[in-house]
Amino acid sequence: MRLNRRQHDAPDDSAQVTRIAPAVGFDGDLYRLPDWAQLRREERELGRAHAADGQIDTLTLETGGVPRFHELEDERLAELAKVDEAADREAQQARAEFEAQKIRLAESQRTFAERRKALEDSQRHVAELEQPSRRPGDGRPSSIALGGSRWPAVRRWLPAALLLLLLLIVEVPILYQVILNWGDSVAMTALLAAGAALIMLVAPHMYGRAFRTWQENGSPAKGRWLLVLVALIWLGLIGAVAVLRRDALVKPLIVDGQEIGPTTEGVGQAPTMILLLALLVATALIAADLGRRMHNPNDRRLRELRAKRDHDAALCARAQAAYQQDAGYAESIGQHLQSGERRTAGRVRQIGNGFDSLATAYLGGVVEGLRDPEAASWAERIIARRASRSS
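Numbering-wise, my numbering puts 331 at position 329 of the sequence shown, and it's gapless, one number per residue.
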C-alpha cells in the first residue's frame, strides 16, 4: 500500500519532488484503550469492598477460585471483540480515504506540473530577453533595465541634454522678445508660449517614443506613412512659429511711447528666419532623440516578464508544497493500512496485560481488606500461576 508501490499511477514528475510529512498525518484509529490507571483504582476499591462484605476470604484464595476473575475474563473477551470490530472499520475507512487521496494527489500533481511548466516558460523568456540592446530594433532591453545602473544613461543622454539646455538658453531671450511684441494680445502670447512648449519639447518627445516603438515592433505601411505625415505637419508648425517669431523680432519696439529699433536690426529677414528654423528644428530633434533613447518598449516587456516569472515562481512553490503535502498524507494512509495487523496485535497484548493488572489490583484490594498475612501469601501464588500461564 505504500506510495512508492503505485508509481505507475503517477507521472514521472513525482520522482523529482521530495515527499514531506503532512502537517496532520492520517489518524484512522477508531479504538481507544481503556484508562488502565483509573480501572486499577476501581478494582482495588472493589477488592476492599468484597473483602469487607465477606464475598471473598482467605479460604477462597486458598482454593484458587476468585469469582471476580471470571467477570474480568468476560470483560477482556468483550474488549477483544471491540478491537476486532474497530480494526475492520479502520481498514475500510483507510481504504476509502486512500482512494479519495489518490484523486486529490493526482489533481495537485497536475496543478504542480502546470505551474512548473509555466515557470520554466517564463524563465526561458526572461533569459532570452536579458541581453542588452546594441542597436534599435534588435528586440533587446536597455542596459539600465537589466542592471539598474544609471551611469550608462548619463553617458548616453548627458551630451544631448546639455545641448538642449544650451538651445533653451538661446531660446529664452528670443521668446521673451516675442512675448514683449505680442504682449498686447493675450491670445497670441498664449499661442506662442504653448506652441514653443509643444513644438520644441513635448510633441517631439512623444514622436521619439512612437518612433522607437515602431523601430522595435515594426508596423504596417500605413503606420510608416502616418509617421511621415506627422513629421511633415510638425515641420509645417515649426515654420509657422518661426514666421511669427521673425515678424515679432523684425518689428520695431515701442517702450514708454518711444519707438526703438527692432531686435534684429542690421540682420536681414532671411538670416533671421534661418536662425529661428535651425533653433526650433535642433531643439525638437534633440527632444525626439531623447524620447527615442529613453523609452525602449522592451524595457517594459522585460519588467512585465520578470513580474510574471516571480508570480509563476510563487504559484509553483505553493503548488509544490500542496503536492508534497498530499503525497505525504497518502504515504501516511498507506503506512496506516500496512501496520493494521501489527496495531491489532499490539492492542491485544496491551489488553491482556491491562486485564492482568486489573486482576492483580483486585487481589491487592482483597488482601488490604482482609489484613491477613496468609491471604497475602495465597494471593502471591495466584498471581504467579497467572503469570506462568500467560507466558
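Note that beta-carbon positions come from the ideal geometry of N, C-alpha and C, so glycine has one too.
What you are looking at is a predicted structure, and each value in this text was computed from that prediction instead of being measured.
State buried or exposed for residue 313, treating a residue as buried only when at least 16 other CB atoms are found within 10 Å of its CB.
For the purposes of this step, residue 313 is identified with residue 311 of the sequence shown, where counting begins at 1. The residue is exposed, with fewer than 16 neighbouring Cβ atoms inside 10 Å.
Would you mind giving the Cβ-Cβ distance between residue 128 and residue 307, rounded to the nearest angstrom? I have them listed as a contact below 8 Å.
Residue 128 sits at position 126 when you count from the first residue of the sequence shown. Residue 307 sits at position 305 when you count from the first residue of the sequence shown. In this structure residue 128 touches residue 307 by the C-beta definition: roughly 5 Å separates them, less than 8 Å.
Tell me, to the nearest whole angstrom, how far the beta carbon of residue 335 is from that of residue 96; I am working on the premise that it is less than 8 Å.
Counted from its first residue, the sequence shown places residue 335 at position 333. Counted from its first residue, the sequence shown places residue 96 at position 94. Indeed, because the Cβ distance is near 6 Å, the residues count as touching under 8 Å.
Assuming residue 311 is part of the alpha helix (DSSP H), what are its boundary residues?
As a position in the sequence shown, residue 311 is number 309, starting the count at 1. Residues 299–340.
Helix, strand or coil for residue 206? Go by DSSP, reduced to three states.
Mapped onto the sequence shown, residue 206 falls at position 204. Looking at residue 206 - three-state DSSP - the assignment turns out to be helix.
Measure the CB-CB distance between residue 56 and residue 368 and report whether it falls below 7 Å.
If you number the sequence shown from 1, residue 56 lands on position 54. If you number the sequence shown from 1, residue 368 lands on position 366. Residue 368 is positioned such that its CB atom lies no closer than 7 Å to that of residue 56.
Could you have a look at residue 237 and say whether DSSP puts it in helix, strand or coil?
Here residue 237 corresponds to residue number 235 of the sequence shown, with the count starting at 1. Helix.
What residue from 118, 279, 86 has the CA that sits closest to residue 311's CA?
Along the sequence shown, one-based indexing puts residue 311 at 309. Nearest of 118, 279, 86 to residue 311, Cα basis: 118.
Would you say the beta carbon of residue 68 is closer than 6 Å to some non-hydrogen atom of the ligand FMN?
As presented, the structure is devoid of all ligands, the ligand FMN included, so that no description of it is given.
Contact the stretch 40–47 vs the stretch 354–365: 3+ CB pairs below 8 Å:
When C-beta atoms of the stretch 40–47 are compared with those of the stretch 354–365, three or more pairs fall below 8 Å, so the two segments count as touching.
For residue 103, the nearest candidate out of 72, 113, 329, 84 (CA to CA)
In the sequence shown, the residue the question calls residue 103 occupies position 101. Residue 329 is the option with its Cα nearest to residue 103.
Exposure of residue 286, with buried meaning 16 or more beta-carbon neighbours within 10 Å
Within the sequence shown, numbered from 1, the residue matching residue 286 stands at position 284. Buried, since its Cβ has 16 or more Cβ neighbours within 10 Å.
According to DSSP, is residue 293 helix, strand or coil?
For this step, residue 293 is matched to residue 291 along the sequence shown. In the three-state reduction of the DSSP assignment, residue 293 falls in the helix class.
Cα-Cα separation between residue 86 and residue 373, rounded to whole angstroms:
As a position in the sequence shown, residue 86 is number 84, starting the count at 1. As a position in the sequence shown, residue 373 is number 371, starting the count at 1. Those two C-alpha atoms are separated by around 41 Å.
Buried versus exposed, by CB contacts within 10 Å (16 or more), residue 65
Position 63 of the sequence shown, counted from the first residue, corresponds to residue 65. It counts as exposed.
Thinking C-beta only, is residue 290 closer than 7 Å to residue 241?
The count along the sequence shown starts at 1 and reaches residue 241 at position 239. The count along the sequence shown starts at 1 and reaches residue 290 at position 288. Contact: no.
Taking Cβ positions, are residue 33 and residue 98 nearer each other than 7 Å?
Here residue 33 corresponds to residue number 31 of the sequence shown, with the count starting at 1. Here residue 98 corresponds to residue number 96 of the sequence shown, with the count starting at 1. Between residue 33 and residue 98, the C-beta spacing is not below 7 Å.
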